[in-house]
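Quick notes on the structure that follows.
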Amino acid sequence: MEISLSGKYRRYHGAAKKPKSIRLLLKRFIQVLSCVTVFFAVGYAVFWCFDPAHFPITSVKFSGQRHYLTQEELREAILPEIKAGFFRLKVSTLQQRLLSLPWIKQADVRKVWPDQLVVRFEEHSPAAYWDDKGIISELGTCFYPDLTKMKALDLPSLKGPEGKSSFIWQQFLAMEDILAPLKLNITQVYLAPRGAWQVQLSNGITVVLGTNDTLARLKRFVSAYEKHLKDHEKKMAYVDLRYTNGMAIGWNAG
74 MEISLSGKYR RYHGAAKKPK SIRLLLKRFI QVLSCVTVFF AVGYAVFWCF
124 DPAHFPITSV KFSGQRHYLT QEELREAILP EIKAGFFRLK VSTLQQRLLS
174 LPWIKQADVR KVWPDQLVVR FEEHSPAAYW DDKGIISELG TCFYPDLTKM
224 KALDLPSLKG PEGKSSFIWQ QFLAMEDILA PLKLNITQVY LAPRGAWQVQ
274 LSNGITVVLG TNDTLARLKR FVSAYEKHLK DHEKKMAYVD LRYTNGMAIG
324 WNAG
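Using our numbering, read the sequence shown as starting at 74 and increasing by one per residue.
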């Protein structure tokens, strides 16, 4: 009796497990199907949102004073990027495109939901021409806009070897300070490849400073100008200060 009952129990127990396994399998299938459905739903939603046709940039607001930049330059910089739409537009990429424009000193780009782009920018302030092909800003930064597409600016001209723009700019500022008592401005500074300096003043006089002690020599010129040369400035073509104890003066013809 014990053996027979045990066998019946086993048969009964096995029959009870069968529907339970099916329910468990069905439950897992539903769970997997739900996950797959959610995955595809999220994927489709992301794809839909990233489609530029659904979330286009329809408004661009510029903040900054534009003196030298043209509207065409700004438009050409932003158009390729805003075509990507609100979600796909990369702010950092657009910012780098703006900074690649010669006149742009600083740029900041921000997206505003749902369809606006805010662009803040600051231009360089031009202080001098560099070597007839570039411009030096008031901070000494050298940049290269297309000079043929802009009006001539009333700026001094700095010339010298490649890579020396910052150094020449600093020397220019020091020379301007020295000349301030004379109320004369520098119109041109030239540094020769061998290191000789030459300065042209707003009254037309060229000051030859040579390679050594250039600022000390310029101070000597200021002293001599105030005491002896001022009354003869219209007759002078150049003053050569490359002498230890004096100077040579070249006179205009006639």
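Each residue gets a CB set at the ideal place from its N, CA and C atoms; glycine is no exception.
These figures come from a predicted structure and were not determined experimentally.
(message) Less than 8 Å between C-beta atoms, sequence neighbours within five positions excluded: which residues of the same chain meet that for Gly268?
(response) To locate residue 268, count along the sequence shown from 1; it is residue 195. Contacts found: Thr284.
(request) Specify, as a first and last residue, the run of the beta strand (DSSP E) that Ser136 falls within. (result) One-based indexing of the sequence shown puts residue 136 at position 63. Here the beta strand (DSSP E) through Ser136 covers Ser132 to Ser136.
(request) Please report how far the alpha carbon of Cys122 lies from the alpha carbon of Leu190, in whole angstroms. (result) In the sequence shown, residue 122 corresponds to position 49, counting from 1. In the sequence shown, residue 190 corresponds to position 117, counting from 1. With a pLDDT of only 45 at Cys122, under 50, the local geometry of the prediction cannot be trusted, and no value is derived from it.
(message) Going by C-alpha to C-alpha distance, which of Asn325, Lys256, Asp286 and Gln261 sits closest to Tyr298?
(response) Position 225 of the sequence shown, counting from 1, holds the residue named residue 298. When only C-alpha atoms are compared, the closest one is Lys256.
(message) I need the DSSP call for Leu246, collapsed to helix, strand or coil.
(response) Working through the sequence shown from its first residue, we reach residue 246 at position 173. Of the three classes helix, strand and coil, the one that applies to Leu246 here is helix, per DSSP.
(message) So, at 7 Å on beta carbons, what are the nonlocal neighbours of Ser198 in its own chain, with the 5 sequence-adjacent residues on each side left out?
(response) Within the sequence shown, residue 198 is the residue found at index 125, counting from 1. Same-chain partners within the cutoff: Ser210 and Glu211.
(message) What does DSSP give as the partner residue(s) for Met223 in the beta ladder?
(response) Numbered from its first residue, the sequence shown carries residue 223 at position 150. In DSSP, Met223 forms no bridge with anything.
(request) Note down the Cα distance separating Lys134 from His140, rounded to an integer number of angstroms. (result) Residue numbering aside, residue 134 sits at position 61 when the sequence shown is read from its first letter. Residue numbering aside, residue 140 sits at position 67 when the sequence shown is read from its first letter. Between Lys134 and His140, the C-alpha separation is close to 17 Å.
(request) State whether the segment 240-249 contacts the segment 284-295, with contact taken as three or more CB pairs (one from each stretch) at a distance under 8 Å. (result) yes
(message) Measuring only the C-alpha atoms, how far is Gln243 from Ile322?
(response) Locating residue 243 in the sequence shown gives position 170, where the first residue counts as 1. Locating residue 322 in the sequence shown gives position 249, where the first residue counts as 1. Near 27 Å, if we compare the C-alpha coordinates of Ile322 and Gln243.
(request) Using only alpha-carbon positions, find the residue among Pro129, Lys224, Ser296 and Asn276 that is nearest to Pro254. (result) Numbered from 1 along the sequence shown, position 181 holds the residue referred to as residue 254. Considering only alpha carbons, the answer is Ser296.
(message) Contact between the segment 300-318 and the segment 271-278 is defined here as three or more beta-carbon pairs at a separation below 8 Å; is this criterion met?
(response) yes
(request) Determine the extent of the beta strand (DSSP E) in which Phe194 is found, giving its start and end residues. (result) The count along the sequence shown starts at 1 and reaches residue 194 at position 121. Element bounds for Phe194: Gln189 to Glu196.
(request) With DSSP as the reference, please indicate the residues paired to Phe216 in a beta bridge. (result) What you label residue 216 is simply residue 143 of the sequence shown in a count that begins at 1. In the DSSP output, where bridge partners are listed per residue, Phe216 has Ile208.
(message) Looking at the secondary structure, which residues open and close the beta strand (DSSP E) in which Met200 lies?
(response) Numbered from its first residue, the sequence shown carries residue 200 at position 127. Per the sequence shown, the amino acid found at residue 200 is Ala instead of Met. Its beta strand (DSSP E) spans residues Pro199 to Trp203.
(message) Between which two residues does the alpha helix (DSSP H) holding Thr287 run?
(response) The count along the sequence shown starts at 1 and reaches residue 287 at position 214. Where Thr287 is concerned, the enclosing alpha helix (DSSP H) stretches over Thr287 to Ala297.
(message) For the alpha helix (DSSP H) containing Thr284, name the first residue and the last one.
(response) By 1-based counting over the sequence shown, the position of residue 284 is 211. It is not in any alpha helix (DSSP H) - Thr284 carries neither H nor E in the DSSP assignment.
(message) Let me check one thing: in DSSP terms, what residues is Thr279 bridge-paired to?
(response) Working through the sequence shown from its first residue, we reach residue 279 at position 206. Partner(s): Gln273 and Tyr311.
(message) Which residue marks the beginning of the beta strand (DSSP E) containing Thr260, and which one marks its end?
(response) Locating residue 260 in the sequence shown gives position 187, where the first residue counts as 1. Counting along the chain, the beta strand (DSSP E) containing Thr260 begins and ends at Ile259 to Leu264.
(request) Using beta-carbon positions only, say whether Pro187 and Phe159 come within less than 8 Å of one another. (result) By 1-based counting over the sequence shown, the position of residue 187 is 114. By 1-based counting over the sequence shown, the position of residue 159 is 86. Yes, these two residues count as a Cβ contact at 8 Å.
(message) Let me confirm a value: Glu154 is counted as buried when at least 16 other C-beta atoms fall within 10 Å, else exposed. Which label applies?
(response) Position 81 of the sequence shown, counted from the first residue, corresponds to residue 154. Looking at its Cβ environment, which holds 16 or more other Cβ atoms inside 10 Å, Glu154 is buried.
(request) Identify which residue in Asp304, Val182, Glu145 and Gln261 has its Cα closest to the Cα of Leu162. (result) Mapped onto the sequence shown, residue 162 falls at position 89. The shortest C-alpha separation from Leu162 is found at Val182.
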